[in-house]
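Visitor: Residue numbers (my numbering), protein chains in the order written: chain A, 1 to 475; chain B, 1001 to 1212.
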Amino acid sequence: MTNVPTHAASAEVTPTDTHARGPLLLLIGSGLLWLVISGVLALITAIQLRTPGFMADCAWLTHGRAQALRESTFIYGWLANAGLAVALWVLGRLGGSPLRGLNWAVIGTLFWNTALAVGLVGIATGDMSGFAFLQLPRYVLPAMAIAYAAIAVPGVLAWIGRRNDTTFAAQWYAVAALFILPWILAAAQLVLLWLPVRGVVQAIAATWYAQAAWTLWLAPLALAGAYFVVPKTAGKLMPNYDFASLGFWTLMFLGAWTGGRHLIGGPVPAWIATMAVMAGSMLIFHYLVVFLNLRIATGSSGEAAKYIRFGLLAYILVGVLELYTSFRSAALGVQFTFLAVALEQLALYGAVSMLFFGAIHFLVPRITSRPWASAGLAAGHRVLVSIGIVVLLVALCAAGSTQAGLLADAKVSFGEITQRIGLPLLGVISAYLLLLAANLLLLVNFLQTALAFSGPSVQPQTLFRQPAALEGSAT
Amino acid sequence: MKNGPVFFFGLLAAVGISWGGIVLGSHYQLGSLAPYYDDTQGNAFPLRPQGVASRGQLVYADLGCASCHTQQVRRPGFGADQARGWGERQSVARDYIFQAKPQLGVARLGPDLMNYGGRIEKEKGPAAADAIYQFLYAGSAAHPAYKFLFDDKAIDGQRSTKALAASPAGRQIVPSERAQTLVAYLLNSNTTYDYPEARPFTVAAKKEEAKK
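The structure is reproduced here in structure tokens:
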């Protein structure tokens, strides 16, 4: 642990933390396991892009399916489990009393992960739904919506029974994410898989879901962690905090409207793309507020803060780039190329995952009341994962811009395009190798920390430096 | 933010408005889009695909073909879709009304397949189906082979009429039922009819309309 111990940390580990240890560790552990599995699948798909024959004879892992498996394990395996752990912990902390109804969370976690595993086998054997962000077959989706709601129970109870009259930004984002996913999951599967709407309306509804899952579910989960951890690691109050609620509601009301940028030039009504530009322009206000509130992250110290600085920078960048690519002239070059993949990876890996890593790094020692088993592994993960993400984004952008240029020239064949982007794709493969190695380090470190019941529990005072008075620093 | 119910209903409204606006709004606009009846041809377009071709779309979807191929032609002048020969006009919502699961696609690692059937039939004539089977079986430098869609078996008695021409001596490579529906679907992909809404918008056309 790199935090410098001081005398002021007596209340740093509270019963709130240790009480929820088991359920939260179960969520984080499942998340990390899925992250590693997703990393292996990412490697397979990246190799397939460069060498199409790779594993082509295996029907379960043909490129289209491997791609859907990678995406589903990443979103519903890693991001969902880890994000729920962060949200529950934040709500418990700010609610002021130990989490109640934790059995619901444990049962929910088991059902969620079982349903996901069944769904993945379904994708591999030919039941893939075919909609981006929602590739899981329809027979597991109702169970997943209910399991998610069960996991959310302790968080909602902590929100309803909170001791303080005042609420904090971290709480708004966490509660919003807990409520919204079951709603959007139910609304999307209804119109896509149970009572499918007609023709291209399906594509529009799928785009709505993908954008809502990102702006109303994943981004709020990540921001809940960031809004909680940043003031603590910086040891300062958040500046311009009065704007935080406006920033929150801007995201909630406008976020899902910005998905139309994926449909520019397609067989859909033009107003969908126009609404995306309008909503995206106004949404810049949200990103500005996040920047103003959390700019104190620059002065914070510790490993967790380093992850979070990376994640916040990526998050702001996503906001700007999403707006930029909503314009038709920009979309023309980005659409259908690796540039679009790069933007998605910037959001899901660079922003959300890095913010989760930071929050997890901060909370695991607090719920286990012992430091990370190995400071070396922790630092190694952070360095490797940061480099991995940067290499991934650079390689994807290089591949994407080459591809965009060649696609515009009708004389260039697809065989030639594949050949010309071979080198950047090699970069993508090495980036996924780095990320897989990094996440294995994190998994090992986490298991050592979580399972070290025999080791001596350390006095909290020696672990943390944050003064307890900063608990409610959000005001 | 102190008021729990207001917060809750605020969230509900935020999600509900976006869902209502985008999903229900476009459903209201396009959900009851009817085929276009052309008096001069005495037929309504798009033509309803045959059963086997419809089922092929589900094979296309479950193999994830859409992760590399789009099925949407953008308007002339917006991208090189027309120059690449993918279609003379842009794709419009009416093209998809009989499709169970429209596969608009997200990436173009391979060509657009909106009019693939029409293209390959023009090129290969009656041998088009064989050409697609052969390509699916053997793959290329930029496309994986889908050998698991075929049965490679010894010739037992008579050779199957569906066996690939390029089967090795003494053996026959027969497309599975899934491969047959997929190819029927691909051959069926052709949007020839020029709907009024698909014509490029020009100032001249607008003036003409104003005169009427």
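No residue lacks a Cβ here, since even glycine has one placed at the ideal position from N, Cα and C.
#1: Count the CB pairs spanning the region 1001-1017 of chain B and the region 173-187 of chain A that are closer than 8 Å, and state whether there are at least three.
#2: Ordered along the chain, which non-local residues of its own chain (more than five positions away) have a Cβ less than 7 Å from that of A:THR475?
#3: DSSP beta-bridge partners for A:ARG162?
#4: Could you please give me the residues that DSSP links to B:PRO1175 through a beta bridge?
#5: Can you tell me where the alpha helix (DSSP H) with A:ASP127 in it begins and where it stops?
#6: For A:GLN67, return the contacting residues in chain B, with the cut-off set at a CB-CB distance below 7 Å.
#7: Just the Cα atoms here: how many angstroms apart are B:LEU1030 and B:ILE1097?
#8: Measuring CB to CB, does A:ALA499 end up less than 8 Å from A:GLY96?
#9: Does the CB of B:LYS1153 have a neighbour CB from chain A at under 8 Å?
#10: Counting contacts by CB-CB distance shorter than 8 Å, is B:ILE1173 in contact with chain A?
#11: Using the three-state DSSP reduction, which class does A:PHE357 fall into: helix, strand or coil?
#12: Can a CB atom of chain B be found closer than 8 Å to the CB of A:ARG198?
#13: Return the Cβ separation of B:TYR1133 and B:LEU1164 in integer angstroms, given the expectation that the two are a contact with Cβ distance under 8 Å.
#14: State buried or exposed for A:PRO424, treating a residue as buried only when at least 16 other CB atoms are found within 10 Å of its CB.
#15: With DSSP collapsed to three states, give me the class of B:ALA1044.
#16: For the alpha helix (DSSP H) containing A:TYR307, list its first residue and its last residue.
#17: To which residues of the same chain is A:PHE54 closer than 6 Å at the C-beta, ignoring the five residues directly before and after it?
#18: Report buried or exposed for A:GLU303, applying the criterion of at least 16 other Cβ atoms within 10 angstroms of its Cβ.
#19: Extract the residue ranges of the alpha helix (DSSP H) inside the region 233-282 of chain A, only unbroken runs of 4 or more that lie entirely within it.
#20: With C-beta atoms as the reference, is A:LEU323 less than 8 Å away from A:GLY260?
#21: Name the chain A residues whose beta carbon is nearer than 9 Å to that of B:VAL1183?
#22: Can you name, in chain order, every residue of its own chain whose Cβ lies under 7 Å from the Cβ of A:GLY39, other than the five neighbours on each side?
#23: Below 7 Å CB to CB, which residues in the same chain sit around B:SER1167 once its five sequence neighbours on both sides are set aside?
#24: Taking contact to mean at least 3 C-beta pairs separated by less than 8 Å, is the region 329-348 of chain A in contact with the region 368-379 of chain A?
#25: In this structure, how does DSSP classify A:HIS381 when only helix, strand and coil are distinguished?
#26: Restricting to Cα atoms, I'd like to know which of A:LEU451, A:ALA188, A:ALA68, A:GLY31 is closest to A:SER353.
#27: Reducing DSSP to helix, strand and coil, say where B:SER1026 ends up.
#28: From B:SER1067 to B:ASP1081, what distance separates their C-alpha atoms?
#29: Answer yes or no: do A:GLN204 and B:SER1026 have a C-beta to C-beta separation smaller than 8 Å?
#30: Have a look at the DSSP bridge pairing and note the partners of B:GLY1117.
#31: Is B:TYR1039 helix, strand or coil when you go by DSSP?
#32: Let me confirm a value: A:TYR173 is counted as buried when at least 16 other C-beta atoms fall within 10 Å, else exposed. Which label applies?
#33: Among the candidates A:ARG100, A:VAL383, A:LYS232, A:THR250, whose CA atom is the shortest distance from the CA of A:THR18?
#34: For A:ILE37, report the span of its alpha helix (DSSP H) as first-last.
#35: Check whether the Cβ of B:LEU1011 lies closer than 8 Å to any Cβ atom in chain A.
#36: Just verifying my parser: in three-state terms, what is the DSSP assignment at A:GLY427?
Guide: Reading it off the structure:
#1: Yes, since at least three Cβ pairs between the region 1001-1017 of chain B and the region 173-187 of chain A fall closer than 8 Å, the two stretches touch.
#2: The residue you call residue 475 of chain A lines up with position 475 of the first sequence. No answer about A:THR475 holds up, because its pLDDT of 30 lies below 50 and its placement is not dependable.
#3: For the purposes of this step, residue 162 of chain A is taken as residue 162 along the first sequence, with counting starting at 1. Answer is none; A:ARG162 lacks a bridge partner.
#4: Walking along the second sequence from the start, residue 1175 of chain B turns up at place 175. Answer by DSSP bridge pairing, in chain order: B:PHE1150.
#5: Counted from its first residue, the first sequence places residue 127 of chain A at position 127. Run containing A:ASP127: none; DSSP gives neither H nor E here.
#6: Along the first sequence, read from residue 1 onward, the residue named residue 67 of chain A stands at position 67. The contacting residues are GLY1064, SER1067.
#7: The residue given as residue 1030 of chain B occupies position 30 in the second sequence. The residue given as residue 1097 of chain B occupies position 97 in the second sequence. So the alpha carbons of these two residues sit roughly 9 Å apart.
#8: Outside the displayed range of chain A (1 to 475) lies residue 499 of chain A, so it cannot be described from this structure.
#9: Taking the first residue of the second sequence as 1, we reach residue 1153 of chain B at position 153. Not an interface residue.
#10: Taking the first residue of the second sequence as position 1, residue 1173 of chain B is located at position 173. Chain A, which has no Cβ nearer than 8 Å to the Cβ of B:ILE1173, makes this no.
#11: For the purposes of this step, residue 357 of chain A is taken as residue 357 along the first sequence, with counting starting at 1. The answer is helix: DSSP assigns A:PHE357 an H, G or I state.
#12: Taking the first residue of the first sequence as 1, we reach residue 198 of chain A at position 198. Output row for A:ARG198: interface = yes.
#13: Start at 1 with the first residue of the second sequence, and residue 1133 of chain B comes out as number 133. Start at 1 with the first residue of the second sequence, and residue 1164 of chain B comes out as number 164. The pair is a contact, with the Cβ atoms about 6 Å apart (cut-off 8 Å).
#14: Reading the first sequence from its first residue, position 424 is the one you call residue 424 of chain A. With 16 or more other Cβ atoms within 10 Å, it is buried.
#15: Residue mapping note: residue 1044 of chain B aligns to position 44 of the second sequence, counting from 1. Correct three-state label for B:ALA1044: strand.
#16: Locating residue 307 of chain A in the first sequence gives position 307, counting from the first residue. First-last of the alpha helix (DSSP H) with A:TYR307: 303-324.
#17: Here residue 54 of chain A refers to the residue found at position 54 when the first sequence is read from its first residue. ILE47, GLN48.
#18: One-based indexing of the first sequence puts residue 303 of chain A at position 303. Burial call: buried.
#19: 244-254
#20: Position 323 of the first sequence, counted from the first residue, corresponds to residue 323 of chain A. Position 260 of the first sequence, counted from the first residue, corresponds to residue 260 of chain A. No, Cβ-Cβ distance for A:LEU323 and A:GLY260 is not below 8 Å.
#21: Residue 1183 of chain B sits at position 183 when you count from the first residue of the second sequence. Chain A residues near B:VAL1183: none, gap ~17 Å exceeds 9 Å.
#22: One-based indexing of the first sequence puts residue 39 of chain A at position 39. Excluding residues within five positions, the ones whose Cβ falls inside 7 Å are TYR432, LEU435, LEU436, ASN439.
#23: Position 167 of the second sequence, counted from the start, is the residue given in the question as residue 1167 of chain B. Only ILE1173 meet the Cβ criterion.
#24: no
#25: Along the first sequence, one-based indexing puts residue 381 of chain A at 381. A:HIS381: helix per DSSP, three-state reduction.
#26: Against the first sequence, residue 353 of chain A aligns to sequence position 353. That would be A:GLY31, whose Cα lies nearest to the Cα of A:SER353.
#27: The sequence position of residue 1026 of chain B within the second sequence is 26, counting from 1. Residue state, collapsed to three classes: helix.
#28: Here residue 1067 of chain B is taken as the residue at index 67 of the second sequence, counted from 1. Here residue 1081 of chain B is taken as the residue at index 81 of the second sequence, counted from 1. So the alpha carbons of these two residues sit roughly 18 Å apart.
#29: Mapped onto the first sequence, residue 204 of chain A falls at position 204. Mapped onto the second sequence, residue 1026 of chain B falls at position 26. Note that residue 204 of chain A is Ile in the sequence shown, not Gln. Yes.
#30: Walking along the second sequence from the start, residue 1117 of chain B turns up at place 117. Answer is none; B:GLY1117 lacks a bridge partner.
#31: By one-based count along the second sequence, residue 1039 of chain B stands at place 39. Correcting the residue identity first, residue 1039 of chain B is Asp in this sequence and not Tyr. In this structure, B:ASP1039 counts as coil in the three-state DSSP scheme.
#32: To locate residue 173 of chain A, count along the first sequence from 1; it is residue 173. The residue in question, A:TYR173, is buried, as its Cβ has 16 or more Cβ neighbours within 10 Å.
#33: Within the first sequence, the letter at position 18 stands for residue 18 of chain A. Among A:ARG100, A:VAL383, A:LYS232, A:THR250, the Cα nearest to that of A:THR18 is on A:ARG100.
#34: By one-based count along the first sequence, residue 37 of chain A stands at place 37. Looking at the DSSP string, the run of the alpha helix (DSSP H) that includes A:ILE37 is 21-50.
#35: Counted from its first residue, the second sequence places residue 1011 of chain B at position 11. For B:LEU1011, the answer is yes, since a Cβ of chain A falls inside 8 Å of its Cβ.
#36: Translated into the one-based positions of the first sequence, residue 427 of chain A becomes position 427. Here A:GLY427 carries a helix assignment [DSSP, helix/strand/coil].
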